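Take a look at the structure below.
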Amino acid sequence: MPKYKLSRTHYRHAQQLSNDTIELINRTVIETVPTSVATSNETTESAQSTPIIGDDTVSEYESESDSIDDLDVDDEFRSTTPSRDENPVNSTEGLNPSNYSSQTTFASLLADWGVTYHIEHIALNSLLRLLRQHFDNNLPADARTLLKTPRRTDLQEIFPGKFFYFGLDSAVNKILDKYELSDNIDVIKIGVNVDGLPLSKSSGSQLYPIICNLWENPSVVEMIGLYHGYEKPSDPNIFMQDFINDAVLFTNNGFMYKNRTIPFRVNAIICDVPAKSFITFTKGHSGYNSCSKCHIEGEYVNNRVCFYNSSNVRSRCDTDFRQKLDEEHHTGTSILEILPNFDMIRNIPLDYMHLICLGVMRKLLLLWVFGKPNSKLAHIQVSRISNYLVELSKNIPCEFVRKPRSLDDLKRFKATEFRQILMYTGPLVFKTTLSKDRYANFLSLHVAMRIFSNESHLAEHGDYAHDLLKYFIDTFVILYGKENVSHNVHNLLHLREDCKNFGVLQNFSGFPFENYLQSLKLLIRKGSDPLPQIIKRIIEKDCRHTDAKKYHQVSTTTPKPNKLHNNGPLLNHNRTRNILYQYKELCFEKFTVKLTESDSCCGLTDGNIICIKNIVTNADNELYVIAQKFNLKTNLYFQPLPSSALNIYIVNDLGPLEVWSVDEITCKYVKMRYNDRFVVVPLLHC
Numbered sequence: 001m002p003k004y005k006l007s008r009t010h011y012r013h014a015q016q017l018s019n020d021t022i023e024l025i026n027r028t029v030i031e032t033v034p035t036s037v038a039t040s041n042e043t044t045e046s047a048q049s050t051p052i053i054g055d056d057t058v059s060e061y062e063s064e065s066d067s068i069d070d071l072d073v074d075d076e077f078r079s080t081t082p083s084r085d086e087n088p089v090n091s092t093e094g095l096n097p098s099n100y101s102s103q104t105t106f107a108s109l110l111a112d113w114g115v116t117y118h119i120e121h122i123a124l125n126s127l128l129r130l131l132r133q134h135f136d137n138n139l140p141a142d143a144r145t146l147l148k149t150p151r152r153t154d155l156q157e158i159f160p161g162k163f164f165y166f167g168l169d170s171a172v173n174k175i176l177d178k179y180e181l182s183d184n185i186d187v188i189k190i191g192v193n194v195d196g197l198p199l200s201k202s203s204g205s206q207l208y209p210i211i212c213n214l215w216e217n218p219s220v221v222e223m224i225g226l227y228h229g230y231e232k233p234s235d236p237n238i239f240m241q242d243f244i245n246d247a248v249l250f251t252n253n254g255f256m257y258k259n260r261t262i263p264f265r266v267n268a269i270i271c272d273v274p275a276k277s278f279i280t281f282t283k284g285h286s287g288y289n290s291c292s293k294c295h296i297e298g299e300y301v302n303n304r305v306c307f308y309n310s311s312n313v314r315s316r317c318d319t320d321f322r323q324k325l326d327e328e329h330h331t332g333t334s335i336l337e338i339l340p341n342f343d344m345i346r347n348i349p350l351d352y353m354h355l356i357c358l359g360v361m362r363k364l365l366l367l368w369v370f371g372k373p374n375s376k377l378a379h380i381q382v383s384r385i386s387n388y389l390v391e392l393s394k395n396i397p398c399e400f401v402r403k404p405r406s407l408d409d410l411k412r413f414k415a416t417e418f419r420q421i422l423m424y425t426g427p428l429v430f431k432t433t434l435s436k437d438r439y440a441n442f443l444s445l446h447v448a449m450r451i452f453s454n455e456s457h458l459a460e461h462g463d464y465a466h467d468l469l470k471y472f473i474d475t476f477v478i479l480y481g482k483e484n485v486s487h488n489v490h491n492l493l494h495l496r497e498d499c500k501n502f503g504v505l506q507n508f509s510g511f512p513f514e515n516y517l518q519s520l521k522l523l524i525r526k527g528s529d530p531l532p533q534i535i536k537r538i539i540e541k542d543c544r545h546t547d548a549k550k551y552h553q554v555s556t557t558t559p560k561p562n563k564l565h566n567n568g569p570l571l572n573h574n575r576t577r578n579i580l581y582q583y584k585e586l587c588f589e590k591f592t593v594k595l596t597e598s599d600s601c602c603g604l605t606d607g608n609i610i611c612i613k614n615i616v617t618n619a620d621n622e623l624y625v626i627a628q629k630f631n632l633k634t635n636l637y638f639q640p641l642p643s644s645a646l647n648i649y650i651v652n653d654l655g656p657l658e659v660w661s662v663d664e665i666t667c668k669y670v671k672m673r674y675n676d677r678f679v680v681v682p683l684l685h686c
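For the sequence shown, position 130 (counting from the first letter as 1) is numbered 130 according to the UniProt record's numbering, and the numbering increases by one without interruption.
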């Protein structure tokens, strides 16, 4: 295997981290430095006695600091780890002794900082040498000692690779520790994900993690077990065995947490189709009997298996699955079947991220851009769509990780970009570019997904959304041909049942898991032996309390203002006569309002839509916004239902400045320019 060398970028970054931190230490840790700081003679002696790292050790540090080439990171949500732009590496927040107990040592603070900002061992070793020389020669000389990096990782052999089992109990404990309401939880319900993660484009190196989250707090994901090899595990039952044994034990006996036995259950296993067929021993998406929800049999049309005839098809049930009544659907017996209180049909829902975003929405765009002549749009239409998307990039709020980009990059789009087009920008961009029939077909999908993504809309219009998806498939066959009614398009018919079982689409989405999977790549610092590296980084993180501290911040529904300014505007209003402070930002529990063009549009309790121009507090410490109200609201579309039913409007005619209490703000809108007016679409998570 070729030798991996430290890149110049990483070397310069490591050097800069070490140098910049010296000034930081001078400012923040004077009180934490022991009184027995080495004198100049002792410093010289300490420096001379510092062990010289041998060739083998140098090789290890060099290799641990390497990066994997061409990482394809897909941040489905904003990462919980601060980015360098948002929180500079030399921030003193994590090193402030007041954040910790008096017993916390400087070494512990330094270790927390190193883990929080993913400082590589080579940089941390350089910093430790400087600190030992100038501040405290009692500090560890090696990053591995400071971070409590394990010397060995006991790996299991699972052909044709290796596997490490962290433990279901360990994962659930960590999840509960990060959930502020864990003391009041009545039943521990977890979602489990299994998926393949390629590590290299030039080899078959891949990870197969088993990860989980808490149903009430899905954004926090933890590792149960991790496999690495150059092929996927040959026997998924052996791969899943340790997890299943623990899950059976906890389901039957309950889970012990803080001296309390809590009922436990695996509420859902959320996977894409290849991973689902792998662990359930069923046919993949190209099989004639591959549908996991019904007994439809696919047909071979134009060199592909399609599922266009869905009328009068019998649904699958748990009993039929276990008895293997449909022999063509099964390839073996899954160890999942021994899980107590687990329905092999109901508790394995369809994954909205892969089914809708990377499946149906991606297929529509590919048909329009690269499809056959009867499906493909004219080049001028594609260019018009691309230009409009790029133009809208300046209107996208800060809650979105990715901005719209040209369809020239369509094959590199991520799931969030397809979701953004489907839920937000598509109805506006396609309104003037698609034909009437194609636009109506797209809107039926858009409206159904908006309904399935909002709790109140789901309760009121859930059955109507199901009818819309039937209409979408029927018209899809006419517009694009029955050969394009793939496994994903057919499975739209089964989303309604999963929403009845689990609620809105976000409850059983693969987005939190995908975000965690991509973060695993960042833990790999050299090309060889990725499994031990990831294990060590995870254990280093578990030894620190920075992560738990981050999640233990008690959430509050009280908005928090940030970023003082004094640029106005102000009003001579009885609510705002005694203004103390003006702010540029207002952070709510689920969204952030700013004075910028893209982040200032909000909805009020009375249904009005406003654009915020200033955020102020008065002498009574009451928060108000000074804003303008849109006086005119009309529908963006009228079919298949008026857009106003989903709180989507065309707005214009801004009124004069007025004052509203912050308590009247209920949601945030995406505001997009439409000629001389605006289209506003509410954020789904508000």
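We treat Cβ as the ideally placed atom computed from N, Cα and C, and that holds for glycine.
For clarity, every value in this text was computed on a predicted model and none was experimentally measured.
query = Which one or two residues does DSSP pair with Ala627 in a beta bridge?
reply = Taking the sequence shown and counting its residues from 1, the one referred to as residue 627 is at position 627. In DSSP, Ala627 forms a bridge with Ile612 and Glu658.
task = Buried or exposed for Ala627, please, with buried defined as at least 16 other CB atoms from any protein chain shown within 10 angstroms of its CB.
result = The residue you call residue 627 lines up with position 627 of the sequence shown. That one is buried.
ask   = So, are the CB atoms of Ala171 and Glu222 less than 7 Å apart?
value = By 1-based counting over the sequence shown, the position of residue 171 is 171. By 1-based counting over the sequence shown, the position of residue 222 is 222. Going by C-beta atoms, Ala171 is nearer than 7 Å to Glu222.
message = If distances are taken between C-alpha atoms only, which option among Cys611, Ser444 and Leu197 comes closest to Val680?
response = Stepping through the sequence shown from its first residue, residue 680 is reached at position 680. Of Cys611, Ser444 and Leu197, the residue nearest in Cα terms is Cys611.
ask   = What are the start and end residues of each continuous alpha helix (DSSP H) run of 4 or more residues lying completely inside the region 483-552, in chain order?
value = 487-491, 495-502, 511-521, 530-543 and 546-551
message = Is the separation between the beta-carbon of residue 687 and that of Pro140 shorter than 7 Å?
response = An answer regarding residue 687 cannot be provided, because it is not within the stretch 1 to 686 covered by the chain.
key: Between the CA atoms of Lys590 and Lys165 - distance to the nearest angstrom   = Position 165 of the sequence shown, counting from 1, holds the residue named residue 165. Position 590 of the sequence shown, counting from 1, holds the residue named residue 590. The displayed chain sequence assigns Tyr, not Lys, to residue 165. Going from the Cα of Tyr165 to the Cα of Lys590 covers about 35 Å.
ask   = Given Tyr669, which residues of its chain have a CB within under 8 Å of its CB, disregarding the five upstream and five downstream residues?
value = As a working mapping, residue 669 is identified with position 669 in the sequence shown. Within its own chain, the residues whose Cβ lies closer than 8 Å to the Cβ of Tyr669, once the five positions on either side in sequence are excluded, are Cys601, Cys602, Gly603, Ile609, Val680, Val681, Pro682 and Leu683, listed in chain order.
message = To test your reading of the DSSP string, which unbroken beta strand (DSSP E) runs of 3 or more residues are found completely within the region 271-312?
response = Within the region 271-312, the complete beta strand (DSSP E) runs of at least 3 residues are 299-301 and 304-306.
Under the three-state DSSP convention, the category Leu226 falls into = Taking the sequence shown and counting its residues from 1, the one referred to as residue 226 is at position 226. Strand at Leu226.
key: Contact between the region 289-301 and the region 487-502 (3+ Cβ pairs under 8 Å)   = yes
query = Tell me the DSSP bridge mates of Gln206?
reply = For the purposes of this step, residue 206 is taken as residue 206 along the sequence shown, with counting starting at 1. DSSP output for Gln206 lists Pro198 and Gly229 as bridge partner(s).
query = For Arg314, is the classification buried or exposed, using 16 other Cβ atoms within 10 angstroms of its Cβ as the cut-off for buried?
reply = Locating residue 314 in the sequence shown gives position 314, where the first residue counts as 1. The residue is exposed, with fewer than 16 neighbouring Cβ atoms inside 10 Å.
6 Å CB neighbourhood of residue 693 in its chain, flanking five on each side removed = No statement about residue 693 is possible, as the shown extent of the chain runs from 1 to 686 and does not include it.
For Arg314, the three-state DSSP class (helix, strand or coil) = The residue labelled residue 314 in the question sits at position 314 within the sequence shown. Assigned with DSSP and collapsed to three states, Arg314 falls in coil, not helix or strand.
Exposure label - Ile534; buried when at least 16 CB within 10 Å = Residue 534 sits at position 534 when you count from the first residue of the sequence shown. Buried is the call here.
request  = Compute the Euclidean distance between the alpha carbons of Asp467 and Ala415, then round it to the nearest angstrom.
outcome  = Translated into the one-based positions of the sequence shown, residue 467 becomes position 467. Translated into the one-based positions of the sequence shown, residue 415 becomes position 415. Computed Cα separation, rounded: 25 Å.
key: Inter-residue CB distance, Thr605 and Thr558 (contact presumed, cutoff 8 Å)   = As a position in the sequence shown, residue 605 is number 605, starting the count at 1. As a position in the sequence shown, residue 558 is number 558, starting the count at 1. About 16 Å separates the two Cβ atoms, so there is no contact after all.
inquiry  = Assuming Tyr464 and Ile211 are in contact, meaning their beta carbons sit under 8 Å apart, how far apart are those beta carbons, in whole angstroms?
reply    = Translated into the one-based positions of the sequence shown, residue 464 becomes position 464. Translated into the one-based positions of the sequence shown, residue 211 becomes position 211. No, Tyr464 and Ile211 are not in contact; Cβ-Cβ is about 35 Å, not under 8 Å.
request  = Under 8 Å by Cβ, that's how I've got Asn631 and Gly655 pegged, so tell me the actual separation to the nearest angstrom.
outcome  = Mapped onto the sequence shown, residue 631 falls at position 631. Mapped onto the sequence shown, residue 655 falls at position 655. Confirmed, Cβ separation roughly 5 Å.
request  = Give the straight-line distance between the Cα atoms of Lys536 and His121, rounded to the nearest whole angstrom.
outcome  = Position 536 of the sequence shown holds residue 536. Position 121 of the sequence shown holds residue 121. About 12 Å.
ask   = If you drop the 5 nearest sequence neighbours on each side, which residues of the same chain put their C-beta closer than 6 Å to that of Leu207?
value = To locate residue 207, count along the sequence shown from 1; it is residue 207. Hits under 6 Å: Leu197 and His228.
ask   = Can you tell me whether DSSP reads Glu328 as helix, strand or coil?
value = Here the question's residue 328 lines up with position 328 in the sequence shown. In this structure, Glu328 counts as helix in the three-state DSSP scheme.
request  = Buried or exposed for Gly204, please, with buried defined as at least 16 other CB atoms from any protein chain shown within 10 angstroms of its CB.
outcome  = If you number the sequence shown from 1, residue 204 lands on position 204. The residue in question, Gly204, is exposed, as its Cβ has fewer than 16 Cβ neighbours within 10 Å.
ask   = What residues match up with His565 in a beta bridge as DSSP calls it?
value = As a working mapping, residue 565 is identified with position 565 in the sequence shown. Residue pairing for His565: DSSP places it in a beta bridge opposite Gln582.
Start-to-end residues for the beta strand (DSSP E) that takes in Tyr257 = By one-based count along the sequence shown, residue 257 stands at place 257. It spans Phe255 to Tyr257 - the beta strand (DSSP E) in which Tyr257 sits, taken as one unbroken run.
ask   = Quick one: what does DSSP say Tyr637 is sitting in, helix, strand or coil?
value = On the sequence shown, position 637 is the one that residue 637 refers to. Residue state, collapsed to three classes: coil.
request  = Determine the contact status of Ser334 and Thr261, defining contact as a CB-CB distance below 7 Å.
outcome  = In the sequence shown, counting from the first residue as 1, residue 334 sits at position 334. In the sequence shown, counting from the first residue as 1, residue 261 sits at position 261. Taking 7 Å as the Cβ cut-off, Ser334 and Thr261 do not qualify as a contacting pair.
ask   = Among all the DSSP beta bridges, which residues are the ones paired with Asn618?
value = The residue labelled residue 618 in the question sits at position 618 within the sequence shown. Bridge partners of Asn618: Ile579.
message = Between the alpha carbons of Asn441 and Leu350, how many angstroms are there, rounded?
response = Here the question's residue 441 lines up with position 441 in the sequence shown. Here the question's residue 350 lines up with position 350 in the sequence shown. For Asn441 and Leu350, the distance between alpha carbons rounds to 22 Å.
task = Just list the alpha helix (DSSP H) runs in the region 319-395, keeping only unbroken ones of 4 residues or longer that don't cross its boundaries, in chain order.
result = 362-370 and 379-392
query = On the premise that Pro340 lies in contact with Asn252, defined as a C-beta separation below 8 Å, what is that separation, rounded to the nearest angstrom?
reply = Looking up residue 252 in the sequence shown gives position 252. Looking up residue 340 in the sequence shown gives position 340. Confirmed, Cβ separation roughly 6 Å.
query = Roughly how many whole angstroms lie between the Cα atoms of His354 and Phe239?
reply = The count along the sequence shown starts at 1 and reaches residue 354 at position 354. The count along the sequence shown starts at 1 and reaches residue 239 at position 239. If I take the Cα positions, the gap works out to 23 Å.
ask   = Buried or exposed: which applies to Phe638, given that a residue is buried once 16 or more other Cβ atoms fall within 10 Å of its Cβ?
value = By 1-based counting over the sequence shown, the position of residue 638 is 638. By the C-beta density criterion, Phe638 is exposed, having fewer than 16 other C-beta atoms within 10 angstroms.
request  = Specify, as a first and last residue, the run of the beta strand (DSSP E) that Phe400 falls within.
outcome  = For the purposes of this step, residue 400 is taken as the residue at position 400 of the sequence shown. Phe400 -> no beta strand (DSSP E), and no H or E assigned at all.
key: First through last residue of the alpha helix (DSSP H) which encompasses Gly462   = Position 462 of the sequence shown, counted from the start, is the residue given in the question as residue 462. Start and end: Glu455 to Tyr480.
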